[in-house]
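Peer 1:
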Amino acid sequence: MRNQKTVFWINLIVSLALIVVGAFLVGFVGFNGDSTTSDTYVIEVRDMLRLTDDARDALQDYCTDELGDSCSVVSVKASESSATGATVLEFSVTADSMDELAAIADSLGSSIASASIDGVDATLITVSYHDSVNAPYYTYLWRTAIGLGAGLVLLFLYAAIRFKLSAGISALVAGAHDVLLTLALVAIFRIPAGVGLIGVATFSLLFSAFLNLFVFNKVREMRKTEATRDLPAGEMIRTAVRDNRMVILMTAIFAALCCVILGAVGLFIGLDLTWIMLAALLAVVVSACSSLFLSPSLYVVLKG
């Protein structure tokens with residue numbers, strides 16, 4: 460019993476220290492934003508008619524080459540207007556100011572007007588520009604907090620009804636701990652984070668609940684068994700953890716491998732995916748440790 464309480468207090472103190480450091484970083488410098496949270500400049504090239512695929516590709520290649528002389532093209536998005544069917548090309552580019560962006564757009568418009576592009580009527584082309592400003596991270600952070608709060612309440616109610624109040628409180632504290640610690644580590648390690656962090660936080664809560672319910676379900680089964688129903692809470696939870704340790708570890712390893720594989724894929728298709736998977740990997744480690752140490756030791760403390 461004493462060892463379980465010691466484990467709980469050590470876990471709690473270390474976790475709270477890390478969470479405080481992470482909260483300090485978020486409060487003063489914010490998360491380290493990835494490319495999805497960066498404001499961008501956009502030059503829009505629109506044809507009044509729907510272009511064929513070959514003509515659209517020719518126009519895109521021409522604009523990319525022309526823009527490359529005065530700025531860097533970050534990405535290109537091709538679409539069709541839902542109202543008119545017009546072909547629209549959106550070029551995300553680098554620029555120092557809106558004045559510079561305007562000059563680049565004017566130059567591209569003049570160049571297209573005097574060019575000969577297969578399948579494209581230059582008189583039907585318009586070139587415009589605008590900036591794309593992303594919402595600050597705190598606007599989605601609060602929404603995420605509200606959603607996760609509702610999820611924690613549902614987790615508590617489910618665990619408390621199915622496994623009794625002590626298990627409900629333990630699952631609730633573990634879920635909140637795992638989400639907050641994961642976000643704190645993302646901030647501390649300065650892992651680039653954008654709106655994908657919402658998914659990481661949600662995954663952290665769900666994975667934490669999934670692993671913890673393994674243990675509490677075993678405790679529930681032991682209470683129904685005549686040979687184990689009278690065991691002390693400490694002995695019962697230790698047995699439940701021991702019997703489920705391999706399942707928890709194998710589940711965590713599988714989830715970690717998925718994160719690593721997807722993170723490696725991100726090296727080729729976009730680093731934003733790599734950063735999200737790195738944050739998810741932290742969530743896996745935190746949740747696994749929590750389900751093996753923090754949650755069981757808190758359960759013993761609550762049982763007295």
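The sequence shown begins at 460 in our numbering and counts up one residue at a time.
Here a beta-carbon is modelled for each residue, glycine too, at the ideal position from N, C-alpha and C.
1) Closer than 8 Å by C-beta to Val532: which residues in its own chain qualify, once you throw out the five before and the five after it? Chain order, please.
2) Identify every residue that forms a DSSP beta bridge with Gly492.
3) Excluding five sequence neighbours on each side, which residues of the same chain lie with their C-beta closer than 6 Å to the C-beta of Leu732?
4) Do you know how far the Cα of Leu664 is from the Cα of Asp512?
5) Taking its Cβ as the centre, do 16 or more other Cβ atoms sit within 10 Å of Leu518, making it buried, or is it exposed?
6) Could you compute how far the alpha carbon of Val612 sits from the alpha carbon of Ser625?
7) Pick out whichever of Ala554, Val719, Gly634 and Asn676 has its Cα sitting closest to the Cα of Asp590.
8) Please classify Ser534 as buried or exposed, where buried requires at least 16 other C-beta atoms within 10 Å of its C-beta.
9) Is it true that the CB of Phe752 sits closer than 8 Å to the CB of Asn462?
10) To the nearest angstrom, how far is it from the Cα of Thr661 to the Cα of Ser540?
11) Are the Cβ atoms of Ala537 and Arg509 separated by less than 8 Å?
12) For a quick check, are the C-beta atoms of Ala699 and Val759 less than 8 Å apart?
13) Using only the alpha-carbon positions, how far apart do His636 and Val659 sit?
14) Following the continuous alpha helix (DSSP H) through Lys762, name the residue where it begins and the one where it ends.
15) For Arg697, report the span of its alpha helix (DSSP H) as first-last.
16) Per DSSP, Ala537 is paired with what?
17) Using the C-alpha atoms, what's the distance from Ser746 back to Pro651?
18) Near Ala723, what residues of its chain come up, given a Cβ to Cβ distance below 7 Å and the 5 sequence neighbours on each side ignored?
19) Between Val743 and the rest of its own chain, which residues show a CB-CB distance below 6 Å, the 5 nearest in sequence each way excluded?
20) What is the rounded straight-line gap between the Cα of Ser474 and the Cα of Phe648?
21) Candidates Cys718, Ser667, Glu680 and Tyr521: which alpha carbon is nearest Ile707's?
22) Quick check on Ser750: does DSSP put it in helix, strand or coil?
23) Would you list the one or two residues that DSSP bridges to His589?
24) Using a 10 Å radius around the Cβ and a threshold of 16 neighbouring Cβ atoms, would you call Ser749 buried or exposed?
25) Is Ile584 helix, strand or coil by DSSP?
26) Under 8 Å by Cβ, that's how I've got Val428 and Ser754 pegged, so tell me the actual separation to the nearest angstrom.
27) Between which two residues does the alpha helix (DSSP H) holding Leu640 run?
28) Can the beta-carbon of Gly544 be found closer than 8 Å to that of Leu642?
Peer 2: This is what the structure gives:
1) Correct list, in chain order: Thr523, Leu526, Phe550, Ser551 and Val552.
2) For Gly492, which the question treats as bridged, DSSP gives the partners Ala652.
3) These residues qualify, in order along the chain: Gly725.
4) Their backbone Cα atoms lie some 45 Å apart in a straight line.
5) Taking a 10 Å sphere around the C-beta of Leu518, we find 16 or more other C-beta atoms and assign the residue as buried.
6) Approximately 14 Å between the Cα atoms of the pair.
7) The residue from Ala554, Val719, Gly634 and Asn676 with its alpha-carbon nearest to that of Asp590 is Ala554.
8) Burial call: exposed.
9) Contact flag unset, no.
10) Distance between Thr661 and Ser540, taken at the CA atoms: about 34 Å.
11) No, the Cβ-Cβ distance between Ala537 and Arg509 is not below 8 Å.
12) Cβ distance not < 8 Å, so Ala699 and Val759 don't count as in contact.
13) If you take the alpha carbons of His636 and Val659, they lie about 14 Å apart.
14) Ser754 to Lys762 is the span of the alpha helix (DSSP H), which, as asked, contains Lys762.
15) Counting along the chain, the alpha helix (DSSP H) containing Arg697 begins and ends at Ala692 to Ile728.
16) In DSSP, Ala537 forms a bridge with Leu548.
17) Straight across, the Cα-Cα distance linking Pro651 with Ser746 is about 21 Å.
18) Same-chain partners within the cutoff: there are none.
19) Exclusion of the five residues before and after Val743 leaves Ala711, Ala714 and Ala715 as the residues of its chain whose Cβ lies within less than 6 Å of its Cβ.
20) Just so you know, the alpha carbons of Ser474 and Phe648 end up roughly 15 Å apart.
21) Among Cys718, Ser667, Glu680 and Tyr521, the Cα nearest to that of Ile707 belongs to Ser667.
22) Reduced to three states, the DSSP call for Ser750 is helix.
23) Residue pairing for His589: DSSP places it in a beta bridge opposite Val501.
24) Buried: at least 16 other Cβ atoms inside 10 Å.
25) Ile584: strand per DSSP, three-state reduction.
26) As shown, the chain starts at 460 and ends at 763. That puts residue 428 outside it, with no answer to give.
27) Leu624 to Ile647 is the span of the alpha helix (DSSP H), which, as asked, contains Leu640.
28) Not closer than 8 Å, so no.
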